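Taking the working numbering, I'd label the letters of the sequence shown as residues 1 to 237.
Where a beta carbon is used, it is the ideal one built from N, C-alpha and C, also for glycine.
Please read these numbers as outputs of a predicted model, since none were measured by experiment.
Have a look at the structure below before the remarks.
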Amino acid sequence: MVGFLTLLLSLFTCQTIYAGVALEEGTRIVFSSTEQLKTIHVMNTNNYQVVVQSWVDDGNLSNTPSNADAPLITKPALFTLEPGETQGIQLINVDPQALEKERLYWLNLHELPPSLAPREASLDKLALTMQTQYKVFYRGPETALTHDGIKQSINVDKEVVNGSYCLIIENLSSIHLNLSKIETGGRTYKRFNRTVPPRGTLKLMSSTPLKDNLVMLTVIDDNGAHFDVLKYLERDL
């Protein structure tokens, strides 16, 4: 899940607005390419009414609903939520595809700020909108993996590149590998691409040698649950 603020008007005083529209199903959505539709639910946790615009795209933050490129559309695309209210959103598969590898799309929930009260209408305001993105994994019906299947699909290696030490993590599967933490030799990697594409590679560079051949990966599954995978580096540098 990714959230970011969009500046609408930069003036003098500020009305504080927080993202309060959340996906009830968790932090990610798995959509089979053979499904016609899937219903998800969002809830307004704010104490005020909001207007929500929804769409699915490739994750580019400059996208708008009018230029979104994805096989899925949302219905309703625009709706109002009262405080505490829940709304169902249909994800409709308008372009079913036969896939060899899973594709990653993003559900966008664009939350518009509440209207200013009449007594505040003459005041200068800083108005912000919040847009939250949730991962949508669009995959073929036979590509889901168990925890054991995910473990078997991960390979780790290391090499020296231009004098720097590189830890290599390979995703041998046809679905995305989602990582929350990587540890080896007492070192915890904090900055890395946490989603490794199908049959893709993640390379982590370091100026110092790897002290241990044991690598612990914390993986996030389809339900958002975390589990650990231990891998052994057989090659010494």
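*Nearest-angstrom beta carbon gap, Ile-168 and Thr-201 [assumed within contact, 8 Å]*: Here residue 201 refers to the residue found at position 201 of the sequence shown. Here residue 168 refers to the residue found at position 168 of the sequence shown. Going by Cβ atoms, the distance from Thr-201 to Ile-168 rounds to 6 Å, so yes, they are a contact pair.
_Span of the beta strand (DSSP E) around His-226_ = Mapped onto the sequence shown, residue 226 falls at position 226. For His-226, the enclosing beta strand (DSSP E) covers residues 226–232.
*Span separating the alpha-carbon of His-176 from that of Ile-73*: Locating residue 176 in the sequence shown gives position 176, counting from the first residue. Locating residue 73 in the sequence shown gives position 73, counting from the first residue. If you draw a straight line from the Cα of His-176 to the Cα of Ile-73, it comes to about 22 Å.
*Going by the beta-carbon positions, is the gap between Gln-49 and Thr-80 smaller than 8 Å?*
Within the sequence shown, numbered from 1, the residue matching residue 49 stands at position 49. Within the sequence shown, numbered from 1, the residue matching residue 80 stands at position 80. Yes, Cβ-Cβ distance for Gln-49 and Thr-80 is below 8 Å.
*Thinking C-beta only, is Leu-37 closer than 8 Å to Asn-108?*
Here residue 108 is taken as the residue at index 108 of the sequence shown, counted from 1. Here residue 37 is taken as the residue at index 37 of the sequence shown, counted from 1. In this structure, Leu-37 does not lie closer than 8 Å to Asn-108 by Cβ.
*asked:* Tell me which residues share the same chain as Tyr-232 and place their Cβ nearer than 7 Å to its Cβ, disregarding the 5 neighbours each side in the sequence.
replied: Position 232 of the sequence shown, counted from the start, is the residue given in the question as residue 232. Same-chain partners within the cutoff: Asn-213 and Leu-214.
*Give the DSSP bridge partners of Ala-22, in chain order.*
Residue 22 sits at position 22 when you count from the first residue of the sequence shown. Met-43, per the DSSP bridge assignment.
*Which term fits Ser-54, buried or exposed, when burial requires 16 or more other beta carbons within 10 angstroms of its beta carbon?*
The count along the sequence shown starts at 1 and reaches residue 54 at position 54. Buried.
*Inspect the CB distances between the region 58–78 and the region 95–108 and report whether three or more fall short of 8 Å.*
Three or more Cβ pairs closer than 8 Å define a contact, and the region 58–78 meets that threshold against the region 95–108.
_Identity of the residue in Asn-171, Phe-31 and Gln-131 nearest Leu-99 by Cα_ = Numbered from its first residue, the sequence shown carries residue 99 at position 99. For Leu-99, the nearest C-alpha among the options comes from Phe-31.
*May I have the straight-line CA-CA distance separating Asn-162 from Pro-209, to the nearest angstrom?*
For the purposes of this step, residue 162 is taken as residue 162 along the sequence shown, with counting starting at 1. For the purposes of this step, residue 209 is taken as residue 209 along the sequence shown, with counting starting at 1. Taking the straight line from one Cα to the other gives about 13 Å.
*Quick one, are the C-beta atoms of Gly-185 and Lys-211 less than 8 Å apart?*
Your numbering for residue 185 matches position 185 in the sequence shown. Your numbering for residue 211 matches position 211 in the sequence shown. Yes, these two residues count as a Cβ contact at 8 Å.
*asked:* Among the candidates His-41, His-110 and Gln-97, whose CA atom is the shortest distance from the CA of Asn-63?
replied: Walking along the sequence shown from the start, residue 63 turns up at place 63. Comparing Cα positions, the closest option is His-110.
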